[in-house]
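A quick write-up on the structure given underneath.
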Amino acid sequence: MVDGKRVPQTVRRQRTSLLTRFGVISFLLLAALGAVLVAQILLPVNARSRATAEERARIVLAGSLLQPDDLGQGFLPIPADRLEALTAGFGPLAVPADFQRLKVWNREHWIVYSDDRRQAGRWFPPDPPLTRALAGTPSAIVTDLQTAENLVDADLSGTKASIYLPIRFDAAGRPTEDPAAEVVGALEIYIDYNHIK
């Protein structure tokens, strides 16, 4: 104290040691390197997984017994005998254990066919992947089945790849990938993500 006034004490700043600075800089460089490796290695693996899943879904669609009338009935359900024929056609195509659900959507967002009979004839508002497929672009997402549409999929667990393909028919009524053909619906398949990643 000088003349009744308090004199502030100077605070001595400790300098960080050279070892501490080296450690912090090394950590930041390693973190940046790790981020680059993740972007370069893991992201292409996910893209390859998606491509593999989409190719498998294309095989299922190409070999199916779907006909244009199956998707052109609006909200009317497919007749029982036609459902049996579709089940017989899809069954051998979806044999692998990692295929866990199959749905066929029409343009009005009705599930016209599913390997889970409880879902056929139900309507849901479209989610972005379904919207893209109905616009003609294949789509794939990784999902944990938490949407309203998936409430009946409680028997499935774990992470799934949900693949959406546009459905088009050629002049003979066979599924085609011709982008000039009109999109009349979408095929959705769930595949166990652990089998494709």
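Counted from 1, the sequence shown has number 294 at position 153 by our numbering; the numbering is strictly sequential. In this text, a Cβ means the ideal position worked out from N, Cα and C, and glycines have one as well. Since we're looking at a predicted model, the values are computed, not measured.
Option nearest residue i by Cα separation, candidates the options
{"i": "T278", "options": "L328, L159, I219", "result": "L328"}
{"i": "K244", "options": "S167, A221, S205", "result": "S205"}
{"i": "I200", "options": "G164, T228, E318", "result": "E318"}
{"i": "L275", "options": "P320, Q208, T284", "result": "P320"}
{"i": "L227", "options": "A192, A203, D311", "result": "A203"}
{"i": "V283", "options": "T300, V253, L271", "result": "T300"}
{"i": "V325", "options": "Y331, G314, A229", "result": "G314"}
{"i": "Y254", "options": "F216, R273, A176", "result": "F216"}
{"i": "R349", "options": "S190, A188, A221, E196", "result": "Here the chain has residues from 142 to 338 only, and residue 349 is not among them."}
{"i": "A229", "options": "P218, Q214, L207", "result": "L207"}
{"i": "D333", "options": "A173, V165, S167, R191", "result": "R191"}
{"i": "D262", "options": "Q214, R273, T272", "result": "The displayed chain sequence assigns Gly, not Asp, to residue 262. Residue Q214 is the option with its Cα nearest to G262."}
{"i": "I219", "options": "E196, R189, A188, I252", "result": "I252"}
Simplified DSSP assignment, three categories, for residue i
{"i": "F265", "result": "coil"}
{"i": "A194", "result": "helix"}
{"i": "D311", "result": "coil"}
{"i": "P209", "result": "helix"}
{"i": "F216", "result": "coil"}
{"i": "T300", "result": "coil"}
{"i": "P320", "result": "coil"}
{"i": "G204", "result": "helix"}
{"i": "G277", "result": "coil"}
{"i": "R259", "result": "coil"}
{"i": "R248", "result": "coil"}
{"i": "L184", "result": "Summary for L184: the model assigns pLDDT 46, below 50, so the residue's position carries little reliability, and this model does not support an answer."}
Rounded Cβ spacing between residue i and residue j (contact assumed at less than 8 angstroms)
{"i": "I304", "j": "P316", "result": "In fact, because the Cβ distance is near 15 angstroms, the residues do not count as touching under 8 angstroms."}
{"i": "N247", "j": "L212", "result": "5 angstroms"}
{"i": "A302", "j": "A281", "result": "6 angstroms"}
{"i": "A198", "j": "L306", "result": "5 angstroms"}
{"i": "H250", "j": "P267", "result": "5 angstroms"}
{"i": "Q241", "j": "Y331", "result": "5 angstroms"}
{"i": "F231", "j": "D210", "result": "F231 to D210, Cβ: 17 angstroms. No contact."}
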